[in-house]
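Undergrad:
Protein chains in written order, with my numbering: chain A, 1 to 340; chain B, 1001 to 1357.
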């Protein structure tokens, strides 16, 4: 069992941080229950819910059939009656078959019914690519959801935020989509043990301060951005500031604008396709909020706009890898190949 | 028809029967007036009328206990009225006014009244089924012996959400009765042209669930079946499918004349077995005079006229409350940092601008 010490922090990986958040919230509030495919007996396709069925029983850690539309909708209904369902979708790709319940139902309830009823539910699911999972299992269309009024969308990029944002989502009165990430599940970090620690929704973070250029990113792109920042500091003496959005809706434009006002140059990075994507939205916001601050056009890096291929070399080439991000940063600084 | 005991028309208390008749007449008059107001451009959007389906609706609502829950599709004016939502609140909603049951945000398809256990009229075919299943799941989790009635049309049974919901409801022993309103046409497509198994109730068997078909145009039959299946749901936590065969006189919506896919003769034939006329005959047989029946008609006319006037008197929603209700109280703080350079109205979003706006 988890340590009973609730002060300080403990190093754990992202999935353990999510599990701690679930355990704490289920201990705190009987209305919270977890539902999804393989969450119970199998302990989660990615083992996030390991041990929870033993602790909380089959009612509160509820295995479902492969019926995303059915059990996402069941979460909507249960939330309308005051329960606090946390619905796990095995990966973001599979949320597509429940899209009607997410977009046409959960997101509409507050406004469409004139505030007469609320839908305090959480859907949590990982996006991500990189294990040769190919076209149908490697997608990050986070922006599709973040573009929908009525939803809140958060995307933790480290274990502490995984715990803090999931807890904030569970305590929120509105439907919140928590987009986790496959490659980050094993990443370790310091996680506060305080059961009342939450990461506020709608607040970006600046995990690395810098002066030359800003990288705006979320989810796994933030992990990549921090690696690129380290590399460029060492190899090219470039000072990169990284803004981790953490929350896509609400979006913290203020933190982005403050950073761009300082660095005057910005590269937006995402794991999804850039066209009509998160970086498109960020670039448009920067264009309006930071017009007088920019010394270079806003640059974007994302997934190559193809269904992701299987062959390892093709997959690596398609992804917004660190080489591509570093090249975009240098080009935006006028330090790319061919620069004087 | 399923082999169940035929109810006798004397089972209902005469005063109750008269009340139910009043509700049926109110529903018919309301729908007739809604069509008139739609054509007068006071009602916009889609407007799906249920004239002809009154025995099904009022019977099901009579069987629904006060603390039971209701979810419907979008042909729901009659359900709202029979559940006790005032004609004023329904008409004001159709008019898009602040005193509407969804404060002018929902319109014809999205009526609701959580205080009466009515969790919504929903506009996507079969989308309400998973939600009804979830309401029933919540009831079980809360240890309550209440039931959910989930109305759907005959077209909804060919959606994946139907299959997923019935499977979950049966698998998890959830107290939900799926009321399939078979009015013969999903929009303009006849049941036989849409469903490989047109005996829709038989599909329940795939989930080891009870299913039966009843004459939805006979009030007593509807009450008996709905009461029995809701009772099983409440006490034994077993779901069921209740297929009520009825007929809608008007088109799919006000915009549909309803004649491209059926004949005037067919409609006339169904009108000869009108559910309100059937009830009127039962009342007359029980000694209610023609004058009393006409007084009920007049009272319904007056009631609906008053609802129209109340809707007209109700304010239009203030445009500075555009985002009203979208997010819970306190969310404005979460959205505060979205405002710099906003071109999309975030600076004006007011999530907690007070009730009733």
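Here a beta-carbon is modelled for each residue, glycine too, at the ideal position from N, C-alpha and C.
Check whether chain A comes within 9 Å of residue 1133 (chain B), counting only Cβ atoms and requiring the distance to be less than that.
TA: Here the question's residue 1133 (chain B) lines up with position 133 in the second chain. Chain A contact via Cβ: present.
Undergrad: If you reduce the DSSP assignment to three classes, tell me which class residue 9 (chain A) lands in.
TA: The residue labelled residue 9 (chain A) in the question sits at position 9 within the first chain. Residue state, collapsed to three classes: strand.
Undergrad: Any beta carbon from chain B within less than 9 Å of residue 274 (chain A)'s own beta carbon?
TA: Residue 274 (chain A) sits at position 274 when you count from the first residue of the first chain. No, residue 274 (chain A) does not count as interfacial toward chain B.
Undergrad: Which of the residues in the segment 90-117 of chain A, read from start to end, lie with their CB under 7 Å from any CB of chain B?
TA: Within the segment 90-117 of chain A, the qualifying residues are 100, 101, 104, 105, 110, 111, 112, 113, 114, 115, 116 and 117.
Undergrad: So is residue 239 (chain A) in contact with chain B if we call contact Cβ pairs under 9 Å?
TA: Working through the first chain from its first residue, we reach residue 239 (chain A) at position 239. Not one chain B Cβ lies under 9 Å of residue 239 (chain A).
Undergrad: With DSSP collapsed to three states, give me the class of residue 230 (chain A).
TA: Translated into positions along the first chain, residue 230 (chain A) becomes position 230. Correct three-state label for residue 230 (chain A): helix.
Undergrad: Does any residue of chain B have a CB that is nearer than 9 Å to the CB of residue 205 (chain A)?
TA: For this step, residue 205 (chain A) is matched to residue 205 along the first chain. Not an interface residue.
Undergrad: Could one say the Cβ of residue 83 (chain A) lies closer than 9 Å to chain B's Cβ atoms, at least one of them?
TA: Taking the first chain and counting its residues from 1, the one referred to as residue 83 (chain A) is at position 83. Chain B, which has a Cβ nearer than 9 Å to the Cβ of residue 83 (chain A), makes this yes.
Undergrad: Three-state secondary structure (DSSP) at residue 287 (chain A)?
TA: Here residue 287 (chain A) refers to the residue found at position 287 when the first chain is read from its first residue. Of the three classes helix, strand and coil, the one that applies to residue 287 (chain A) here is helix, per DSSP.
Undergrad: Under a Cβ-count criterion, where at least 16 other Cβ atoms within 10 Å of its own Cβ denotes burial, should residue 1183 (chain B) be classed as buried or exposed?
TA: Within the second chain, the letter at position 183 stands for residue 1183 (chain B). It is buried - the Cβ of residue 1183 (chain B) has at least 16 other Cβ atoms within 10 Å.
Undergrad: Does any CB atom of chain B fall closer than 9 Å to the CB of residue 33 (chain A)?
TA: Indexing the first chain from 1 puts residue 33 (chain A) at position 33. Yes, contact with chain B.
Undergrad: State whether the segment 1131-1138 of chain B contacts the segment 1096-1111 of chain B, with contact taken as three or more CB pairs (one from each stretch) at a distance under 8 Å.
TA: Segments in contact, no.
Undergrad: Are residue 1058 (chain B) and residue 1032 (chain B) closer than 9 Å when you measure CB to CB?
TA: For this step, residue 1058 (chain B) is matched to residue 58 along the second chain. For this step, residue 1032 (chain B) is matched to residue 32 along the second chain. Contact: no.
Undergrad: Short of 9 Å Cβ to Cβ, which residues in the segment 1054-1079 of chain B face chain A?
TA: Residues 1069 and 1071.
Undergrad: For residue 1168 (chain B), is the classification buried or exposed, using 16 other Cβ atoms within 10 angstroms of its Cβ as the cut-off for buried?
TA: Within the second chain, residue 1168 (chain B) is the residue found at index 168, counting from 1. That one is buried.
Undergrad: Please classify residue 113 (chain A): does DSSP put it in a helix, a strand, or coil?
TA: As a first step, residue 113 (chain A) is located in the first chain; it is residue number 113 there, counting from the start. Of the three classes helix, strand and coil, the one that applies to residue 113 (chain A) here is coil, per DSSP.
Undergrad: Is it right to say residue 1004 (chain B) is buried, meaning 16 or more other beta carbons lie within 10 angstroms of its own, or is it exposed?
TA: On the second chain, residue 1004 (chain B) is found 4 positions in, with the first residue counted as 1. At residue 1004 (chain B) the pLDDT is 48, less than 50, meaning the model places this residue with poor confidence and gives no usable figure here.
Undergrad: Please tell me whether residue 255 (chain A) has its Cβ less than 9 Å away from any Cβ of chain B.
TA: Indexing the first chain from 1 puts residue 255 (chain A) at position 255. Yes, residue 255 (chain A) counts as interfacial toward chain B.
Undergrad: Which of the three DSSP states, helix, strand or coil, is assigned to residue 219 (chain A)?
TA: Against the first chain, residue 219 (chain A) aligns to sequence position 219. Of the three classes helix, strand and coil, the one that applies to residue 219 (chain A) here is coil, per DSSP.
Undergrad: Which residues share a DSSP beta bridge with residue 1237 (chain B)?
TA: Locating residue 1237 (chain B) in the second chain gives position 237, counting from the first residue. Bridge partners of residue 1237 (chain B): none, in fact.
Undergrad: May I ask which residues mark the beginning and end of the beta strand (DSSP E) holding residue 1210 (chain B)?
TA: The residue you call residue 1210 (chain B) lines up with position 210 of the second chain. Here the beta strand (DSSP E) through residue 1210 (chain B) covers 1210-1215.
Undergrad: Taking 9 Å as the threshold (C-beta atoms), are residue 91 (chain A) and residue 45 (chain A) in contact?
TA: Translated into positions along the first chain, residue 45 (chain A) becomes position 45. Translated into positions along the first chain, residue 91 (chain A) becomes position 91. A contact, by the Cβ cut-off of 9 Å.
Undergrad: So residue 251 (chain A) contacts chain B; which residues on that side make the cut at Cβ distance below 7 Å?
TA: Taking the first chain and counting its residues from 1, the one referred to as residue 251 (chain A) is at position 251. Going along chain B in sequence order, the residues near residue 251 (chain A) (Cβ under 7 Å) are 1338.
Undergrad: Taking 6 Å as the limit between beta carbons, can you name the residues of its chain near residue 307 (chain A), skipping five residues before and five after?
TA: Here the question's residue 307 (chain A) lines up with position 307 in the first chain. Only 135 meet the Cβ criterion.
Undergrad: What residue range is occupied by the uninterrupted beta strand (DSSP E) comprising residue 35 (chain A)?
TA: Against the first chain, residue 35 (chain A) aligns to sequence position 35. Its beta strand (DSSP E) spans residues 32-36.
Undergrad: Of the residues that make up the segment 187-202 of chain A, which ones have a beta carbon closer than 8 Å to any beta carbon in chain B?
TA: Correct list: 200, 201 and 202.
Undergrad: Less than 8 Å between the CB of residue 1114 (chain B) and some heavy atom of the ligand FAD, yes or no?
TA: Ligands in the displayed structure: none, and consequently the ligand FAD is not present.
Undergrad: Ignore the nearest five residues each way along the sequence and tell me which others in residue 1333 (chain B)'s own chain have a CB closer than 6 Å to its CB.
TA: The count along the second chain starts at 1 and reaches residue 1333 (chain B) at position 333. Excluding residues within five positions, none has a Cβ falling inside 6 Å.
Undergrad: Check whether the segment 1179-1193 of chain B and the segment 1041-1061 of chain B are in contact - that is, three or more C-beta pairs closer than 8 Å.
TA: Contact between the segment 1179-1193 of chain B and the segment 1041-1061 of chain B is present, because at least three Cβ pairs lie under 8 Å.
Undergrad: Could you pull the start and end residues of the alpha helix (DSSP H) that residue 1307 (chain B) belongs to?
TA: Here residue 1307 (chain B) refers to the residue found at position 307 of the second chain. It spans 1290-1313 - the alpha helix (DSSP H) in which residue 1307 (chain B) sits, taken as one unbroken run.
Undergrad: Please list the partners that residue 1164 (chain B) has in chain A, where partner means a Cβ-to-Cβ separation under 7 Å.
TA: Locating residue 1164 (chain B) in the second chain gives position 164, counting from the first residue. The answer, in chain order, is 67, 69 and 70.
Undergrad: For the beta strand (DSSP E) containing residue 88 (chain A), name the first residue and the last one.
TA: Within the first chain, numbered from 1, the residue matching residue 88 (chain A) stands at position 88. Start and end: 84-88.
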